[in-house]
Amino acid sequence: MIISNKPSKTKESDSSDKLKKISKNIRNRRSIYANEFVKKELPKNLLNEILTNATWAPNHKMTEPWRFIVFKGKYLKEYGEFMAHYYKDFYSDLSPEAQKEKLNYLRDYPLNAACLIGIVMVRNTKIDLPEWEEIAAVSSAVQNIALTCTAHKVGSYWSTKGVAIDYVAEFGLAENEKSLGLLYLGYYPESLKSSKKKRTPLSKKVIYLE
């Protein structure tokens, strides 16, 4: 009996197909904003799958430096009001009509999201790691969320504006925790066209030293 260690064509084909799907998912990921969402509930099992994938992000010494706060229902309206109050002085030079329009836009902006996810970095108090490593790990977790959303045709984008950071900070963060903003999740119409973005050629970003 001859046992071959050579990979079969079927296995090679399966591997190639998986790689193509992964590459397509990565390259099709886009930020889709809340004003493009359509109101639709995100199934809880899918949301849990998305968040579970987030927790499989790489992290140094297995500190798992992330925590997530899921905002749904009345909290979408609450955040809209929070934004309107936050930016009220910013629009103070506008006419009353223009100011009202801007603030109403902010109030309504989160309402079509399926949910908002507060992103919290949790510093490990027993293992001394540079903060940038923990932020990098949380960022990887957010990327896992975005890629899982893309695979399920769910829109997402990460808001790191001061208003998003400050809102999450309102929810009882410990001394070793830091708000890193809000991730918007929501469905979008099938007719929405993906933005045609390009990337700088690899030759301008990579050097090989051999």
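Counting with our numbering, you get residues 48 to 257 for the letters of the sequence shown.
Even for Gly, the Cβ is constructed at its ideal location relative to N, Cα and C.
A quick note: this is a predicted structure, and the numbers were derived from the prediction, not measured.
For SER142 and GLU96, the rounded distance between their alpha carbons: Distance from the CA atom of GLU96 to the CA atom of SER142, rounded to whole angstroms, is 46 Å.
For ARG154, the first and last residue of its enclosing alpha helix (DSSP H): Annotation for ARG154: the continuous alpha helix (DSSP H) segment containing it runs 143-155.
First through last residue of the alpha helix (DSSP H) which encompasses LEU259: It is not possible to answer for residue 259, since the shown part of the chain is limited to 48 through 257.
Among ILE192, GLY165, THR110, nearest to LYS173 - alpha-carbon criterion: Measuring from the Cα of LYS173, the nearest candidate turns out to be THR110.
Inter-stretch contact at 8 Å, needing at least 3 Cβ pairs: the region 122-134 / the region 187-198: Contact fails between the region 122-134 and the region 187-198, because fewer than three Cβ pairs, one in each stretch, are under 8 Å apart.
Unbroken beta strand (DSSP E) run spanning ILE166, endpoints: Following the DSSP letters along the chain, one finds ILE166 inside the beta strand (DSSP E) bounded by residues 162-169.
At least 3 beta-carbon pairs within less than 8 Å: the region 220-240 vs the region 127-144: Counting Cβ pairs under 8 Å, fewer than three are found: no touch.
Opening and closing residue of the beta strand (DSSP E) in which LYS225 lies: Where LYS225 is concerned, the enclosing beta strand (DSSP E) stretches over 224-233.
For ARG74, the three-state DSSP class (helix, strand or coil): DSSP places ARG74 in the helix class (H, G or I) of the three-state scheme.
Closest residue to LEU89 among GLU222, SER63, LEU163, VAL167 (Cα-Cα distance): Out of GLU222, SER63, LEU163, VAL167, LEU163 has the C-alpha closest to the C-alpha of LEU89.
DSSP state of GLY219 mapped onto helix, strand, coil: If DSSP states are grouped into helix, strand and coil, GLY219 belongs with coil.
Pair within 8 Å by beta-carbon distance, ASN223 and ARG154: Against a cut-off of 8 Å, the Cβ pair of ARG154 and ASN223 comes out as no contact.
Residue range of the beta strand (DSSP E) that includes GLY202: It spans 202-206 - the beta strand (DSSP E) in which GLY202 sits, taken as one unbroken run.
Neighbourhood of TYR134 by C-beta distance below 8 Å, restricted to the same chain and skipping five residues each side: Answer for TYR134: LYS149, LEU150, LEU153, VAL210, listed in chain order.
Beta-ladder partner(s) of PHE118, from DSSP: Partner(s): LEU163.
Helix, strand or coil at VAL253 according to DSSP, with G and I counted as helix: It is coil, neither helix nor strand.
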